[in-house]
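Structure, as structure tokens:
Residue numbers (the working numbering): 2 to 287.
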């Protein structure tokens with residue numbers, strides 16, 4: 002009998018610990034962001050690179066505004082600590098240059114040209130000037146390292162403090178959310194989720210000693226969504242290809258958004274799913 006009681010107590014404590022780890026932040030302590038769930042979210046604007054309407058350019062964003070969609074886009078920090086709007090961590094796909102965003106200055110990036118388009122990479126300020134409060138923004142902050150991430154957050158908020166439109170921030174890195182929770186608690190924040198391939202990551206970190214094992218443990222916790230306590234997100238944004246029972250369980254505690262749907266059948270399927278609060282899409286006519 003005593004063993005049963007001990008086991009029951011341990012299970013209850015583990016359940017309470019799990020609830021603590023996955024609990025969201027208090028949405029009542031943030032700016033209102035119910036607008037986030039009222040219009041579908043266009044990933045990088047409404048674009049068609051093959052038809053020279055380039056992603057993350059003014060034309061793509063104006064198209065999204067015209068069609069009445071919210072916009073999801075990415076904020077990167079350059080080597081000279083300037084902010085640009087760009088999706089990838091490097092310029093291989095869009096400019097055929099084997100350099101990372103973090104390795105180039107703003108002036109160097111401004112010299113780059115898209116194929117068959119006069120559009121340029123937008124600075125964050127330029128992007129906000131185009132949007133000018135006409136639609137809601139879901140801003141992904143692209144993580145580099147702890148030092149650079151702090152600068153990224155600081156520079157983003159230096160500009161956003163004067164912005165009059167609706168926005169929320171999100172990141173794959175829970176430490177970025179923690180920064181906002183501590184320094185800008187009024188700004189709504191969301192946790193982006195994917196899933197680490199632990200065996201592959203373990204091989205990559207060969208020779209890093211104890212750090213290797215600590216990183217794998219942290220990645221495992223991230224994979225099973227036990228990192229919410231770090232930044233206390235107010236919503237979760239999960240890869241639609243990786244939806245599972247764990248994600249839907251967490252959806253009982255906070256809103257779920259999915260990314261990035263590219264076909265109509267999948268879109269309609271999730272549209273009918275009452276557990277999904279909104280959908281990020283691209284390359285679709287809705």
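All residues carry an ideal CB built from backbone N, CA and C; glycine is no exception.
If you draw a 10 Å sphere on the C-beta of residue 150, you find 16 or more other C-beta atoms in it, and that means buried. The C-beta distance from residue 193 to residue 221 rounds to 18 Å, too long to fall under 8 Å, and the pair is not in contact.
When DSSP states are grouped into helix, strand and coil, residue 121 belongs to the coil group. Take the alpha-carbon of residue 180 and the one of residue 5: they are about 43 Å apart. Here residue 91 has 101 as same chain residues with Cβ atoms under 6 Å from its own Cβ, once five neighbours each way along the sequence are excluded.
One thing to note: residue 255 has its Cβ within 8 Å of the Cβ of residue 236. In the three-state DSSP reduction, residue 142 falls in the strand class (E or B).
For residue 68, there is no enclosing beta strand (DSSP E); the residue is part of the alpha helix (DSSP H) that begins and ends at 59-68. An exposed status is given to residue 94, since fewer than 16 other beta-carbon atoms sit within 10 Å of its beta-carbon. Cβ-Cβ distances below 6 Å link residue 213 to 206 in the same chain, with the five nearest sequence neighbours on each side left out; the list follows chain order. In this chain, residue 113 is not harboured by any alpha helix (DSSP H), its DSSP state being neither H nor E. Secondary structure at residue 261: strand, using DSSP grouped into helix, strand and coil. Around the beta carbon of residue 273, fewer than 16 other beta carbons sit within 10 angstroms, so the residue counts as exposed.
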